[in-house]
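Just remember that our numbering sits 77 ahead of the position in the sequence shown, which is counted from 1.
Beta carbons are placed, not taken as given, at the ideal position from N, Cα and C, and that holds for glycine.
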Amino acid sequence: MKEFYKLVETLNILRGDNGCPWDREQTRESLKAPFLEEVYEALDVMDKGGEELCGELGDVLLHIIFQGKIAEEKGEFTIEDICQKINEKLIRRHPHIFGNIDVSSVSDVEKNWEEIKKTEKEHQNRKSILDGIPKGLPALLKAQKIQKKVKKYGFDWDNIDDVYAKVQEEIKEVEEAVKENNYEHIEEEIGDLLFAITNYARHLGVDSSEALRKTNEKFEKRFRYIEENCDIENSTLEEMDKFWNEAKKR
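(1) Compare the beta carbon distance of Gln221 and Thr292 with 8 Å and say whether it is the shorter of the two.
(2) Using the rule of at least 16 other Cβ atoms within 10 Å of the residue's Cβ for burial, across every protein chain shown, is Lys146 buried or exposed?
(3) Measure the C-alpha to C-alpha separation of Pro111 and Gly209 and round it to an integer number of angstroms.
(4) Using CA atoms only, rank isn't needed, just tell me which of Asn95, Lys229, Leu108, Gly126 is closest to Leu139.
(5) Find out if the Cβ-Cβ distance for the pair Glu250, Asp235 is shorter than 8 Å.
(6) Residue range of the alpha helix (DSSP H) that His171 falls in?
(7) Does DSSP put Gln330 in a helix, in a strand, or in coil?
(8) Out of Arg101, Glu165, Glu80, which one is the CA nearest neighbour of Asn89?
(9) Candidates Ile206, Leu84, Asp136, Ile142: which alpha carbon is nearest Arg105's?
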């Protein structure tokens, strides 16, 4: 772990009196967008693994240490406190490993995890089981999180056919809203449809966010093939469709 402490010391120097002007002027607010960007860059290469992922995870780690350093300067907590708290939480939430609780399935582990969370200080003042869901989560991820949360308390469809029927129902409601030509109503019904599809995917064991990410990548790959084979600014739709169909066969 000596490399970790060397990284911390490097940041201490950069934030010090004789450090880098850019690093010294950074705040929590200024680092929010770059932090999120680094997380997404790490996600982009996670399937590849290797050196590229190692580098991107390093960028994410730097931001965590950066935030810890800013907190330390404010007298709030230290980087050591961050490590201590997460280590204590891991041990506390795994009594079947570090304690004397017996479990027979993953479901038992998840149930214990939720019960233990209820006793923790940061969870005791919550008025709803949904209070702990981050407001800034991307909408698709948040929909999945909401659905998983309420499922734990029995608020879920028992039959997957009913979930599919709900998707069909929402499609019809979108069609009706389109006929009304009311933007706000259309937007609302599209949102309901996306929520229903996300729920259907969850019942099928599919991560809808990951599924959409892969579809985005597939579309990009096929469209890049079109760009490589024709001048898209001067090509007809029929001409581009030809190369699109070729790309699908590759």
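For this structure:
(1) no
(2) buried
(3) 24 Å
(4) Leu108
(5) no
(6) Neither: His171 is in no alpha helix (DSSP H) and is coded neither H nor E.
(7) Given that the chain is displayed from residue 78 to residue 327, the structure contains no residue 330 and the question cannot be resolved.
(8) Arg101
(9) Ile142
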